[in-house]
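Here the structure is laid out as structure tokens; the discussion comes afterwards.
Numbering (full-length UniProt numbering), first residue to last: 1 to 212.
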């Protein structure tokens, strides 16, 4: 089954959201994207489409099975070739009902973003914000294609790359030169986003061949 790597568009957004729910489940998915309901799926499509349309740093890549036309893997990269301060407004997890569950979820996500800001804000870089692959297509090189493309972009811009990895993805990122630089404890009695923060150093100066 031939696999094709390309840039995703707004027309792909529903497939990207549905694939996220298929691959990433449980309490962490509730925080990252919302409950697995049609209302939350539609809201996620809207949020991600708006970001794709209005955020100049936004880049979604996709891997498509050309026999079925399905998106089977995707990566969401954020590209910051020059430093522009992030929006300081923290995400509101509006799909959670008011009360303790929402308070605990917002505590986790706000701590996560604070840790990201502490390490990444202030200098040009690229960030791998999301990467996930259909279970049927794992270990077929999809994730590697998506990571390699982002690393190539980082090298072209001479900037470092960052990823907040899950334990299962750490080996893949290590194979592309990412190294663990921190493992902040981000958890409370309900949620746990603790995992390795990894950085790939910027490419060094390139020799110019005047005859090329």
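Note that the Cβ used here is the ideal one computed from N, Cα and C, for glycine as well.
Next on the checklist: Given a cut-off of 8 Å on the beta-carbon distance, is the pair residue 29 and residue 142 in contact?
Outcome noted: Sequence index remark: in the chain shown, residue 29 carries index 29 (1-based). Sequence index remark: in the chain shown, residue 142 carries index 142 (1-based). No; because the gap between Cβ atoms is not below 8 Å, this pair is not in contact.
Checklist entry - Quick one: any contact between the region 33 to 44 and the region 11 to 20, if contact means 3 or more CB pairs under 8 Å? => result yes
Checklist entry - Would you call the region 165 to 185 and the region 195 to 203 touching, i.e. three or more CB-CB distances under 8 Å? => result Verdict: yes, contact present.
Item to check | Own chain residues within Cβ distance below 6 Å of residue 60, not counting five before or after | outcome: For this step, residue 60 is matched to residue 60 along the chain shown. Within the same chain, residue 60 has close Cβ partners 8 and 76.
Item to check | In chain order, each beta strand (DSSP E) run of at least 3 residues that lies wholly inside the region 76 to 143 | outcome: 125 to 133
Next on the checklist: Which of the three DSSP states is assigned to residue 71 in this structure?
Outcome noted: As a first step, residue 71 must be located in the chain shown, where it is residue number 71. Residue 71 carries a strand assignment under DSSP once its states are collapsed to helix, strand and coil.
Next on the checklist: Does residue 187 pass the burial test, meaning 16 or more other C-beta atoms within 10 Å, or should it be called exposed?
Outcome noted: Looking up residue 187 in the chain shown gives position 187. So residue 187 counts as exposed.
Checklist entry - At what residue ranges does the region 134 to 204 contain a whole run of the beta strand (DSSP E), taking only runs of 3 or more? => result 161 to 164, 179 to 182 and 197 to 200
Checklist entry - Is it right to say residue 64 is buried, meaning 16 or more other beta carbons lie within 10 angstroms of its own, or is it exposed? => result Locating residue 64 in the chain shown gives position 64, where the first residue counts as 1. That one is buried.
Next on the checklist: Taking the alpha carbon of residue 173 as the reference point, which residue from 190, 201, 189 and 191 has its own alpha carbon closest?
Outcome noted: Here residue 173 is taken as the residue at index 173 of the chain shown, counted from 1. Residue 201 is the option with its Cα nearest to residue 173.
Item to check | Cut-off 7 Å between Cβ atoms - residues of its own chain near residue 137, not counting five sequence neighbours on either side | outcome: The residue you call residue 137 lines up with position 137 of the chain shown. Result list for residue 137: 72 and 73, in chain order.
Next on the checklist: If you reduce the DSSP assignment to three classes, tell me which class residue 208 lands in.
Outcome noted: For the purposes of this step, residue 208 is identified with residue 208 of the chain shown, where counting begins at 1. Reduced to three states, the DSSP call for residue 208 is coil.
Checklist entry - With C-beta atoms as the reference, is residue 12 less than 8 Å away from residue 62? => result In the chain shown, counting from the first residue as 1, residue 12 sits at position 12. In the chain shown, counting from the first residue as 1, residue 62 sits at position 62. Going by C-beta atoms, residue 12 is nearer than 8 Å to residue 62.
Item to check | Collapsed DSSP secondary structure at residue 6 in the structure displayed | outcome: Numbered from 1 along the chain shown, position 6 holds the residue referred to as residue 6. Three-state result, residue 6: strand.
Next on the checklist: Quick check on the burial criterion: 16 or more other C-beta atoms within 10 angstroms. Buried or exposed for residue 120?
Outcome noted: As a first step, residue 120 must be located in the chain shown, where it is residue number 120. Flag for residue 120 reads buried.
Checklist entry - Who pairs with residue 60 in a beta bridge, going by DSSP? => result Start at 1 with the first residue of the chain shown, and residue 60 comes out as number 60. Answer by DSSP bridge pairing, in chain order: 76.
Checklist entry - For residue 152, which of 167, 170, 165 and 128 has the nearest alpha-carbon? => result Position 152 of the chain shown, counted from the first residue, corresponds to residue 152. Per the C-alpha coordinates, the member of 167, 170, 165 and 128 positioned closest to residue 152 is 128.
Checklist entry - Quick one, are the C-beta atoms of residue 31 and residue 105 less than 8 Å apart? => result Indexing the chain shown from 1 puts residue 31 at position 31. Indexing the chain shown from 1 puts residue 105 at position 105. Contact flag set, yes.
Next on the checklist: Short of 7 Å in beta carbon distance, which residues of its chain neighbour residue 123, apart from the five on each side in sequence? Order them along the chain.
Outcome noted: What you label residue 123 is simply residue 123 of the chain shown in a count that begins at 1. Within the same chain, residue 123 has close Cβ partners 83.
Item to check | residue 50, enclosing alpha helix (DSSP H) - first and last residue | outcome: One-based indexing of the chain shown puts residue 50 at position 50. Residue 50 -> alpha helix (DSSP H) spans 38 to 54.
Next on the checklist: Do residue 144 and residue 126 count as a contact pair if the criterion is CB distance below 8 Å?
Outcome noted: Residue 126 sits at position 126 when you count from the first residue of the chain shown. Residue 144 sits at position 144 when you count from the first residue of the chain shown. No, they are not a contact pair.
Item to check | Assumed close pair residue 103, residue 4 - CB separation to whole angstroms, cut-off 8 Å | outcome: Taking the first residue of the chain shown as position 1, residue 103 is located at position 103. Taking the first residue of the chain shown as position 1, residue 4 is located at position 4. Residue 103 to residue 4, Cβ: 44 Å. No contact.
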